[in-house]
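Protein chains in written order, with the numbering used here: chain L, 281 to 396; chain W, 1041 to 1151. Reviewing the structure listed below.
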Amino acid sequence: NAGVMQNPRHLVRRRGQEARLRCSPMKGHSHVYWYRQLPEEGLKFMVYLQKENIIDESGMPKERFSAEFPKEGPSILRIQQVVRGDSAAYFCASSPPLSGSGGELFFGEGSRLTVL
Amino acid sequence: GEDVEQSLFLSVREGDSSVINCTYTDSSSTYLYWYKQEPGAGLQLLTYIFSNMDMKQDQRLTVLLNKKDKHLSLRIADTQTGDSAIYFCAVPDSSASKIIFGSGTRLSIRP
């Protein structure tokens, strides 16, 4: 029973290039969350998706960042025209539907983006 | 929106108890969580507490909840070197559509 799978684990991009980060949720989970962890900072919520729907993108920067979770295949976090400030660890988590009482998130090991 | 605050660092001597504190703003949360992140890894759920409880004990871990003050703490008894990690307090936001994490407390152990 594989956990949340993220790839690539490490990604190096030059300024202006595009970064694509992929996340396959745990089997049976239809809810995916992306978080960003900057060096020496906490975990910041970016976006919450269900299959083919963006539920909450209140943490996503307005420009250059987009996320999708298609009917088939992994969730993708896309960063266009990367800048040095995008260097961070990007974590994906999945869960069954969070009820009004909340629920556990299962995290991948993260994708570490370095922008040169 | 929900705001979760933690101190950034804690250093304790091996064998002593560690106490990590957290404050939050939204009182509607039903579950409150502690996650652990080891170096280079993702986060794993360590323990959680229902909001109708004041205390939960699980082996070396004790969680205390003061709902009036919106204060959550995690106590690790007999702290070991393997406990070195970043500990995150986490609370569902009022819509329960996402979980908000604190900044994390980095626990280091002195011999």
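For glycine and all other residues, C-beta sits at the position ideal for the given N, C-alpha and C. The structure displayed is predicted, hence computed values, not measured ones.
Using a CB distance below 9 Å, no part of the segment 1094-1123 of chain W faces chain L. Isoleucine 359 of chain L and serine 1057 of chain W have their C-alpha atoms roughly 43 Å apart. Secondary structure at threonine 1065 of chain W: coil, using DSSP grouped into helix, strand and coil. Excluding its 5 nearest sequence neighbours in each direction, glycine 1041 of chain W has C-beta neighbours in its own chain below 7 Å: Asp1133, listed in chain order.
Per DSSP, the unbroken beta strand (DSSP E) holding glutamate 348 of chain L starts and ends at 345-348.
Just measuring C-alpha positions, the residue of L:Thr394, L:Phe387 and L:Val395 sitting nearest proline 305 of chain L is L:Phe387. By the criterion of at least three beta-carbon pairs nearer than 8 Å, the segment 292-311 of chain L is not in contact with the segment 1048-1056 of chain W. For aspartate 336 of chain L, DSSP records a beta bridge to L:Tyr328. The beta carbon of phenylalanine 345 of chain L sits no closer than 8 Å to any beta carbon of chain W. Rounded to whole angstroms, the separation of the alpha carbons of glutamate 337 of chain L and lysine 331 of chain L is 14 Å.
In this chain, the beta strand (DSSP E) harbouring lysine 1096 of chain W covers 1095-1098. Only exposed fits valine 363 of chain L, as fewer than 16 other CB atoms lie within 10 angstroms of its CB. Close partners of lysine 1076 of chain W in chain L (Cβ separation under 7 Å) are lacking, with about 11 Å as the shortest Cβ gap.
Of the candidates W:Ala1081, W:Gly1082, W:Leu1085 and W:Ser1113, W:Ser1113 places its Cα closest to the Cα of aspartate 1094 of chain W.
Shown here, threonine 1145 of chain W sits in a strand according to DSSP, grouped into three states.
For the 8 Å CB-CB criterion, glutamate 389 of chain L and arginine 294 of chain L do not form a contact. A distance below 6 Å between beta-carbons, with the five flanking residues on each side excluded, links arginine 392 of chain L to the following residues of its chain, in chain order: His290 and Ala369. Of the other Cβ atoms in all chains shown, fewer than 16 fall within 10 Å of the Cβ of phenylalanine 1090 of chain W; this residue is therefore exposed.
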